Structure formats: structure tokens, C-alpha cells
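Undergrad: Just dropping this structure here.
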Amino acid sequence: MTGLADIAAAAAGQGLGIAGAFHAEEGDGAPEGVGTVVLLGFAPGGWDVFSGSAEAADGGADPLDRWSARVVGALAERLGAAALFPFGGPPYSPFLRWAQRGEGARPSPVGMMVSPTRGLWMSYRGALGLAGRLALEDAPGADPCLGCPAPCLTACPVGAMGEAPYDVPACTAHVESRKGTACREIGCLVRHSCPAGRDVTPGREQTGFHMTAFLRAHGSLDANSPSD
Numbered sequence: 102m103t104g105l106a107d108i109a110a111a112a113a114g115q116g117l118g119i120a121g122a123f124h125a126e127e128g129d130g131a132p133e134g135v136g137t138v139v140l141l142g143f144a145p146g147g148w149d150v151f152s153g154s155a156e157a158a159d160g161g162a163d164p165l166d167r168w169s170a171r172v173v174g175a176l177a178e179r180l181g182a183a184a185l186f187p188f189g190g191p192p193y194s195p196f197l198r199w200a201q202r203g204e205g206a207r208p209s210p211v212g213m214m215v216s217p218t219r220g221l222w223m224s225y226r227g228a229l230g231l232a233g234r235l236a237l238e239d240a241p242g243a244d245p246c247l248g249c250p251a252p253c254l255t256a257c258p259v260g261a262m263g264e265a266p267y268d269v270p271a272c273t274a275h276v277e278s279r280k281g282t283a284c285r286e287i288g289c290l291v292r293h294s295c296p297a298g299r300d301v302t303p304g305r306e307q308t309g310f311h312m313t314a315f316l317r318a319h320g321s322l323d324a325n326s327p328s329d
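Set out below in C-alpha cells:
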């Protein structure tokens, strides 16, 4: 029977790693017949694997999602699993709930989910749904916010993310301005502020890719021409 070690080895060859796993229960939103859900995210060096892919070079829309669909889909077929994704809906698989079940994520003081090991840099490229109940490793780590001074609450230069609901217009206006250079070039400063994720901070190419996608979805569609 396929185990976590087998899945980890197969995923590593594609630039992916296990980001959590749990036994599916009623109410989890897993497909019928799935006994174990294994969450997949980038492994160290995984961004380079994607960057060298055909999807990253072909100029088409949604290259990362298309790459994820191809790679995770192939892994699922190889391992006899169902390929599950956080995109492509509706309906959408409940990855936020699965994050809580699989790696002990919880809502942070700024509202985003925070992981004990990945901080505010959580991201999933997909998941595998397996019929059996695999032997799982240790339970997820402790709540990373306990005892934390919560630098995330004051890290946003314009206060778009804090105790109040996320102010998307204020965020995009700042990121698109000349004063938002740091946010554009290295990624969200709130995410950077979380102590739990400092060991897994993505590189500039990756954070820039995601920031450009964010601006295309919420901003002026021109992430390369800062305004005043």
C-alpha cells in the first residue's frame, strides 16, 4: 500500500512536498471514498522546477495552475489517488479547512491562515485523495500565535491589514505606488513579519509572480508602472 514516504519521494521529483495530511471524516468535504487527504506544496527548489516548465514559458493564462494540474494529476494517476485542487471551481475543495486538519493552520490576528511551520506563506498546489487510511506522522505543531507579539498587526505600511477587515483598495493602491516598491519586489510585508515562516520565505521571483497576479486580479492590471 502507498505510504507517506512513497508519496513524498514521488512528489519530490516534481518539485513538490507534503504540506500536511489527515484522515478524512464526515464534514471535511473530501470526495466520497477518500480516506486520507495529502496536501502538496512547493518543496525547496520547487519554484525552479515550475520556472523551467512549458507552462511558465508559453505565455498562456494561469501558468502555475496549469502546471499544478498537470503535475499533481500525473502524481495522482501514478499513485492511484484523486487529484484535488484549490482552483478550477466552483465548486471549490475546502483547502482552508484541510489546512487546519492537515498542518494545524489557524486564523492569524490579521485574518490570513497561519501555519506552525510555514507562517503566512501557506500555499497549496493541490492534494491527493487516497482510498485507504495511511499511517500519519506526528500531529501538527502548536499554535504559532501563542506568545507571539503579533508583528503582523503593524507591518502593513498603510494599515490595510490588521485588526480591521482587509482593505483591498488601500493595499493595491499602495503596492502600485512608488512607495510600495518593497511590497512589489519582495512580497507582502505582513507575511514577511511572521516569525513562524522566516525559514521558508520564498525568493523574489516567486513573490513577484504572486504579487503581479494579485495586482492583475485586484489592481490596475499594470504592475510594472508605479503611480505616485
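Counting in my numbering, the sequence shown runs from 102 upward without gaps.
All residues carry an ideal CB built from backbone N, CA and C; glycine is no exception.
Quick caveat, the model's predicted, so the values are computed rather than measured.
1. How would you label residue 279, buried or exposed, when you count the other beta carbons within 10 angstroms and need 16 or more for buried?
2. With H, G and I counted as helix, E and B as strand and the rest as coil, what does DSSP make of residue 235?
3. Hey, which unbroken runs of the alpha helix (DSSP H) at 4 residues or more fall wholly within the segment 188-265?
4. Taking residue 288 and residue 303 to be in contact with their CB atoms under 8 Å, please state how far apart those CB atoms are, rounded to whole angstroms.
5. Span of the beta strand (DSSP E) holding residue 184?
6. Between the segment 114-123 and the segment 179-196, do at least 3 Cβ pairs fall closer than 8 Å?
7. Please tell me whether residue 245 and residue 210 are closer than 8 Å, where the distance is taken between their beta carbons.
8. Can residue 311 and residue 273 be called in contact, C-beta distance under 8 Å?
9. Between 160, 161, 243, which has its C-alpha nearest residue 201's C-alpha?
10. Are the segment 181-192 and the segment 223-243 touching by the rule of at least three beta carbon pairs closer than 8 Å?
11. Give the secondary structure of residue 278 by DSSP, where H, G and I count as helix, E and B as strand, and everything else as coil.
12. Let me confirm a value: residue 277 is counted as buried when at least 16 other C-beta atoms fall within 10 Å, else exposed. Which label applies?
13. Per DSSP, which residues does residue 105 bridge with? Please list them.
14. Pull up the distance between the alpha-carbon of residue 248 and that of residue 295, whole angstroms please.
15. Relative to the C-alpha of residue 108, which residue among 140, 126, 124 is closest?
16. Check whether the Cβ atoms of residue 275 and residue 291 sit closer than 8 Å, and answer yes or no.
17. Would residue 282 be called buried (16 or more neighbouring beta carbons within 10 Å of its own) or exposed?
TA: From the atom records:
1. exposed
2. coil
3. 196-204
4. 7 Å
5. 183-185
6. no
7. no
8. no
9. 243
10. yes
11. strand
12. buried
13. Answer is none; residue 105 lacks a bridge partner.
14. 13 Å
15. 140
16. no
17. exposed
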